[in-house]
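Per my numbering, residue 1046 is the first one in the sequence shown, and the count goes up by one each step. Even glycine gets a Cβ: it sits at the ideal position worked out from N, Cα and C. The structure displayed is predicted, hence computed values, not measured ones.
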Amino acid sequence: MNKDLIKIILVTAGAVLFNLVFWNEKLAINTVLFDAFLLSALFFLYPNARKSATVNWLLLGHLVSLTMVVIHNTDLSKISFVITLLLVAGFAEYTHRSVWFASGSILMNVVMVVASFLESFKINKAKPTKRKGVGRFIRFAIFPLILLVVFFLIYRDANNAFSDIANRIGAQLEIFFGHFFDFFSLQRLLFLLLGLLISGSILLKSKLDYFSTRETNMNDGLQRSRKTLRQKRSGAMFQFIEMIMGKMANGMMALKNENTTGIISLVLLNVLLLAVNCIDVNFLWLHFQYKPGLPVYKMVHEGTELLIVSIVLAMAILLFYFKGNLNFYKRNNWLKYGAYAWIIQNAMLVSSVFLRDYYYILKHGLAYKRIGVLFFLVMVLVGLLTVFLKIWSRRTNYFLFRVNAWAAIVVLVLATTIHWDEFIAGYNLKRKNTVDLDVPFLLSLSDKALPLLDTNIVALQKRENDAHVKNPDSQPVCDTCYIEELKQRELQFVEKQKDLTWLSWNYADAYTTKYFQKKGLITSIH
């Protein structure tokens, strides 16, 4: 069978499977069925992909994400599942080393999916059957069908048993066609088209391999340029430098002048950042105290904003100075020393922001943004390390962005292995006597946290009573009816489970359901 025809069959089968397992369901065990089909089809169409170490490592990360969808069923695990699946397809179908370029190729697949599908269909369009043969078949079938209908009606009226069987068959056909037309409702057809889009984007490789071709020209190591100085300095950035430095930006002494300017800049920046770090060491590392008039969240936000600005400027400055031939300038040692000091001081700044976040968590407990700051700090440290390696080993910007993108994928996959809502609820409730419980936030967490909240219902009741004492006017509006809201969440969970089938099974919901059954709050979901 022609390979293009196989692609059409597989994409269509994927769309039908998507429609059957995901319609009115949540991403759960059904994701395993759909993913198994897509991966099998993908490696059948592109068998050489299994020989790629990159594809195999990505596949491992994807399977971890898929497992976490079934176990934790968090939004983060679902996002990681989708991203890793698309990347597996991108690296399986194209020749890539970078996540960025592979993402571009997958985006091209999405944009060109309709054209790719129609093109394959046109190529494999079967030859039309001869009208003469079809006409003969119809003429031969008409008379036997008329006889069949006539004798069927006679036998049905003459034989009661045959009539009962015929009526039962007719009733089943009526039910079948009723479900058939329900299946092909407008909403279901649109959902089927969505399945075609998803399956086609993953299985159909676009003929426009722009990103794959572009990446073949990218290298990790810097090469010394032999272009003339005027050719190298034709961009807008160099025109800006020329405007600032004047004649010093051109001529035989241009590299020396750039090196000198870079050393002066990094010395000044290091002195400035050193002052900031000394203040942080004194007040955060050695003599930290909670100030009644200064909210802790303000310290964290200010520190994070400072870190973002500092890191962006640090990378921009270092990428600017360590571009091209300045990396090969024999007298750039002091420029490198200044860059290394700048990187180390930014790492110290990362530690200071970590302490701010740590003090915030001690005071107010865990929350999404506070955990997000920690992940951000991890990525910043990876970014600083890769900038150091870029300067030390004379690497390109392509190397820098490629490695950092892979680090982000690793962090994303690892982050899915923890059910953060349950972790947050458990951490905060365990320390309910030492942290300021944000009960409305806890009640907004996912269903997996409901058993923990129900177990600590006494603590919630105490917080509710304290809130009413502090603000009696809020009682009629019931802004602090935590117990009532918790019970409402539990009822919503039960009602939601009634509308789902085994296709939506996941461990998180099963765990919550089992807890409520043991407590006698519910008897059965399905």
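On the criterion of 16 or more Cβ atoms from any shown chain inside 10 Å, does residue i qualify as buried, or is it exposed?
| i | result |
| --- | --- |
| Pro1496 | buried |
| Arg1440 | buried |
| Asn1510 | exposed |
| Val1194 | exposed |
| Tyr1200 | exposed |
| Ile1247 | buried |
| Trp1330 | exposed |
| Ser1251 | buried |
| Lys1493 | buried |
| Phe1584 | Lying before the first or after the last residue shown, residue 1584 is absent from the chain, which here runs from 1046 to 1571. |
| Lys1052 | buried |
| Ala1060 | buried |
| Lys1559 | exposed |
| Ile1128 | buried |
| Gln1506 | exposed |
| Thr1119 | buried |
| Phe1444 | buried |
| Tyr1366 | buried |
| Phe1196 | exposed |
| Pro1521 | Caution applies to Pro1521, whose pLDDT of 46 falls short of 50 and renders its modelled position unreliable; the model cannot decide the point. |
If you measure between the beta carbons of residue i and residue j, is that distance less than 9 Å?
| i | j | result |
| --- | --- | --- |
| Gly1428 | Ile1356 | yes |
| Val1056 | Leu1249 | yes |
| Thr1557 | Glu1070 | no |
| Ser1110 | Thr1461 | yes |
| Arg1376 | Asn1304 | yes |
| Gly1240 | Leu1062 | yes |
| Phe1088 | Ala1058 | no |
| Tyr1139 | Asp1254 | yes |
| Phe1067 | Asn1075 | yes |
| Phe1328 | Tyr1404 | no |
| Asp1022 | Glu1535 | Because the chain here runs from 1046 to 1571, residue 1022 falls outside it and cannot be looked at. |
| Ala1553 | His1464 | yes |
| His1409 | Phe1256 | no |
| Leu1155 | Leu1242 | Here residue 1155 turns out to be Val, not Leu, going by the sequence shown. In this structure, Leu1242 lies closer than 9 Å to Val1155 by Cβ. |
| Ser1122 | Gly1106 | no |
| Leu1531 | Leu1488 | yes |
| Asn1391 | Leu1317 | no |
Does DSSP put residue i in a helix, in a strand, or in coil?
| i | result |
| --- | --- |
| Asp1499 | helix |
| Gly1245 | helix |
| Arg1095 | helix |
| Gly1106 | helix |
| Gly1266 | strand |
| Arg1534 | helix |
| Arg1439 | coil |
| Val1480 | coil |
| Arg1508 | helix |
| Thr1461 | coil |
| Gln1390 | helix |
| Glu1070 | coil |
| Arg1415 | helix |
| Met1157 | coil |
| Lys1336 | coil |
| Tyr1255 | helix |
| Phe1236 | helix |
| Lys1250 | coil |
Thinking just about the alpha-carbon of each residue, which of the options is nearest to the one in residue i?
| i | options | result |
| --- | --- | --- |
| Leu1434 | Ser1491, Ser1161, Val1159 and Leu1267 | Leu1267 |
| Met1360 | Phe1446, Phe1421, Tyr1255 and Phe1373 | Phe1446 |
| Val1354 | Leu1487, Ala1206, Val1425 and Phe1333 | Val1425 |
| Leu1104 | Val1458, Thr1479, Leu1490 and Arg1534 | Val1458 |
| Asn1064 | Leu1548, Phe1146, Asp1554 and Ser1165 | Leu1548 |
| Tyr1382 | Phe1421, Ile1309 and Trp1550 | Ile1309 |
| Cys1323 | Gln1334, Asn1264, Asn1378 and Leu1394 | Leu1394 |
| Ser1150 | Phe1162, Thr1258 and Leu1108 | Thr1258 |
| Gly1369 | Leu1192, Phe1197 and Arg1269 | Arg1269 |
| Asn1572 | Asn1047, Ile1054 and Leu1072 | The first residue shown for the chain is 1046 and the last is 1571, placing residue 1572 beyond what the model contains. |
| Leu1358 | Lys1414, Val1432 and Lys1336 | Val1432 |
| Lys1477 | Arg1415, Ala1504 and Phe1561 | Ala1504 |
| Glu1529 | Pro1485, Asn1449, Ala1086 and Leu1198 | Pro1485 |
| Ser1438 | Arg1415, Asn1264 and Ile1220 | Asn1264 |
| Asp1080 | Lys1564, Thr1112 and Leu1190 | Thr1112 |
| Thr1261 | Tyr1374, Leu1152 and Phe1146 | Phe1146 |
Below 8 Å on the Cβ atoms is my contact criterion, and I expect residue i with residue j to pass it. Report the Cβ-Cβ distance as a whole number of Å.
| i | j | result |
| --- | --- | --- |
| Leu1352 | Ile1436 | About 20 Å separates the two Cβ atoms, so there is no contact after all. |
| Val1144 | Ile1454 | 6 Å |
| Leu1380 | Leu1300 | Contact doesn't hold; Cβ gap of about 11 Å is too wide. |
| Ile1469 | Leu1411 | 4 Å |
| Leu1311 | Trp1387 | 6 Å |
| Phe1466 | Ser1397 | Per the sequence shown, residue 1466 should be read as Asp rather than Phe. 29 Å between Cβ atoms; not a contact. |
| Val1456 | Val1423 | 6 Å |
Strictly under 9 Å for the Cβ-Cβ distance: is residue i near chain D by that measure?
| i | result |
| --- | --- |
| Ser1110 | The structure shown contains no chain D; it holds only a single protein chain. |
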